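The opening position of the sequence shown corresponds to residue 1 in UniProt numbering, with each subsequent residue numbered one higher.
Structure first, then comments.
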Amino acid sequence: MTADILVNVSPREVRAALVENGVLQEIFLERANRRGLISNIYKGRVSRVLPGMQAAFVDIGLERTAFLHASDIVHPAIGENGHPDMPVDEGRSADIQSLVSEGGEILVQVLKDPLGTKGARLTTFITIPSRYLVYMPKGRGIGISARIEDEAERHRLRETAKLFLRSDEPGGYIVRTAAEGATPEALRADMLFLQKLWAMLSEKAAQTRPGNLVHEDLPLAIRVMRDVVSSGVARVSVDHPQTGRRMLEFARTFMPDMLDRIEIYAGERPIFDLYGVEEEIQKSLERKVPLKSGGYLILDQTESMTTIDVNTGAYVGHRTLEETIFRTNLEAAVAIARQLRLRNLGGIIIVDFIDMEEEEHRKQVLQALEKALSSDQARNQISFVSPLGLVEMTRKRTRESLEHMLCTACPTCEGRGFVKTVETVCYEIFREILRQSRQFQFQELMVLAHQDVIERLLDEESAALAELEVHTGKPIRLQTEALYQQDQYDVVLM
């Protein structure tokens, strides 16, 4: 598999696209007025402790107070070297009231960006990533990324890291996936860098007032270099010379093997247009996703969960119905995995595959979904296929979905996804006329409404309108309002 990373920089927005074998897989977005907060470190002040929820709200200087759960707080049993023996004492988290108190100062890191009406999610388990390692100032030992599957390489990396880990130094490390094949010198350089950075951050945190930023994560273009680039990335193209130079400087210091793969794109045609990324972004905002076979997916994102419905559509390519359904579900499984990454959908996800009679087919569809999701950086967990073809799964939600970042609720339907029909609005107007005629004295009535509503009142509903005039004994005038939405109207007494 070959992959390219495309970075598009505009005055107020930076976008990065991960393209694998010519197909867009993920899109990352950062705007100047709404930069992501994940991994930022703040000096906070506890504003409220909620024993019933085993949580606290922390003021870190944002619009909404952030949320800190007891399970995300380092246990107070601190050793002499300044770090806990375990993040949670023998699997039991302490009571929130013994961990924090209102008005107390606390150093926290953002786990999840603010989503909708919810504030940011925090942790006191500070982690600082570099190219090959993640440093945990309050952890201990050496951990290896689960994505490194070769046991011999896992053993080599663990033993190499242990050689450089001094017993008198606080903290522990996680060896990242990118470290596969890394030299001992590279790992040692990362360790020294992280220790120096943490010493600087600790000193800054001591001098920072509560409610202020202590450390901000790298900007998107550099962050993509650190987190997404792997041995499978053949090229990184950026269309902004200044950003390109910063990326080259970062690579020269931390990723010398990537230097010859970074290029500054100078073509006339926009880089996202050249690779069809803009078109794919627009498609990812649509509810319906067509499959090559003629089938399609329907994706609905709600506050509580995301539902995905699989349909055969025009696909009738096999001799039996069961085989047609099976082939459609297999294709859908791969498409669903891509859509989850591309749209950055998280939380609870329900997939309604087409009902399959054979148990073996259900197993194969589930295996296809698991395989397609194996390259997803976000942690996910899949349940079994129920007899109705439903699959329950979760995907870790850390930032807002693409739809929430690029779109807002429709002002006409207020996010419901539908508006009242013209017929329904006409009948509401009739009831409103009757209601007002019984309560008030007037000479005539005027109905202000959308053009389609007025036209129906003059056509299909003209007889009913005439009956109302007879019933009220007053004339009813109609007036079109160009700025009214279809379900908006007013009944005015004259």
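Where is the CB? At the ideal position from N, CA and C, for every residue including glycine.
As the structure is a prediction and not an experimental result, all values here were calculated from the model.
Using 7 Å as the limit for Cβ to Cβ distance, is residue i near chain C?
i: residue 475; result: Structure shown: chain C not included; a single protein chain is present.
When DSSP labels each residue in this structure, what does residue i get in the three-state scheme?
i: residue 546; result: Look at the range of the chain in this structure, 1 to 494, and you will see that residue 546 is not part of it.
i: residue 244; result: helix
i: residue 341; result: helix
i: residue 147; result: coil
i: residue 319; result: coil
i: residue 362; result: helix
i: residue 298; result: strand
i: residue 306; result: strand
i: residue 162; result: helix
i: residue 100; result: coil
i: residue 394; result: strand
i: residue 266; result: coil
i: residue 470; result: helix
i: residue 384; result: strand
i: residue 274; result: helix
i: residue 132; result: coil
i: residue 288; result: strand
i: residue 10; result: strand
i: residue 87; result: Confidence in residue 87 is poor, its pLDDT being 40 and thus under 50, which makes the residue's placement too unreliable to answer from.
i: residue 258; result: helix
i: residue 191; result: helix
i: residue 21; result: coil
i: residue 3; result: strand
i: residue 505; result: The displayed coordinates of the chain run from 1 to 494. Any statement about residue 505 would go beyond what the structure contains.
Would you grab the beta carbon distance between residue i and residue j for me? Rounded to a whole angstrom, and I think it's under 8 Å.
i: residue 16; j: residue 224; result: 5 Å
i: residue 307; j: residue 350; result: 5 Å
i: residue 211; j: residue 52; result: Wrong, their Cβ atoms sit about 26 Å apart, outside the cutoff.
i: residue 346; j: residue 378; result: 7 Å
i: residue 106; j: residue 58; result: 6 Å
i: residue 194; j: residue 130; result: 5 Å
i: residue 40; j: residue 100; result: Not confirmed; about 20 Å, so no contact.
Roughly how many whole angstroms lie between the Cα atoms of residue i and residue j?
i: residue 404; j: residue 334; result: 24 Å
i: residue 187; j: residue 133; result: 7 Å
i: residue 42; j: residue 481; result: 52 Å
i: residue 251; j: residue 326; result: 46 Å
i: residue 483; j: residue 338; result: 40 Å
i: residue 476; j: residue 432; result: 13 Å
i: residue 144; j: residue 332; result: 33 Å
i: residue 253; j: residue 240; result: 20 Å
i: residue 218; j: residue 371; result: 31 Å
i: residue 22; j: residue 274; result: 11 Å
i: residue 407; j: residue 176; result: 34 Å
i: residue 279; j: residue 7; result: 16 Å
i: residue 399; j: residue 162; result: 34 Å
i: residue 28; j: residue 48; result: 34 Å
i: residue 322; j: residue 329; result: 11 Å
i: residue 116; j: residue 4; result: 32 Å
i: residue 148; j: residue 368; result: 21 Å
i: residue 415; j: residue 343; result: 18 Å
i: residue 303; j: residue 104; result: 33 Å
i: residue 184; j: residue 383; result: 40 Å
i: residue 173; j: residue 324; result: 49 Å
i: residue 466; j: residue 436; result: 17 Å
i: residue 159; j: residue 248; result: 31 Å
i: residue 268; j: residue 298; result: 37 Å
i: residue 423; j: residue 438; result: 23 Å
i: residue 448; j: residue 287; result: 34 Å
i: residue 166; j: residue 245; result: 36 Å
i: residue 170; j: residue 137; result: 6 Å
Answer with buried or exposed for residue i, where buried requires no fewer than 16 other C-beta atoms within 10 angstroms of its C-beta.
i: residue 180; result: buried
i: residue 232; result: exposed
i: residue 271; result: buried
i: residue 411; result: exposed
i: residue 168; result: exposed
i: residue 427; result: exposed
i: residue 356; result: buried
i: residue 200; result: exposed
i: residue 461; result: buried
i: residue 282; result: exposed
i: residue 285; result: exposed
i: residue 190; result: buried
i: residue 98; result: exposed
i: residue 458; result: exposed
i: residue 258; result: buried
i: residue 494; result: exposed
i: residue 374; result: exposed
i: residue 12; result: exposed
i: residue 440; result: exposed
- beta strand (DSSP E) runs contained entirely in the region 194 to 241, provided each spans 3 or more residues: Scanning the region 194 to 241 for uninterrupted beta strand (DSSP E) segments of 3 residues or longer gives 212 to 215, 233 to 238, listed from N- to C-terminal end.
- 3-residue-minimum beta strand (DSSP E) runs that sit fully inside the region 23 to 73, ordered along the chain: 23 to 31, 41 to 50, 55 to 59, 66 to 69
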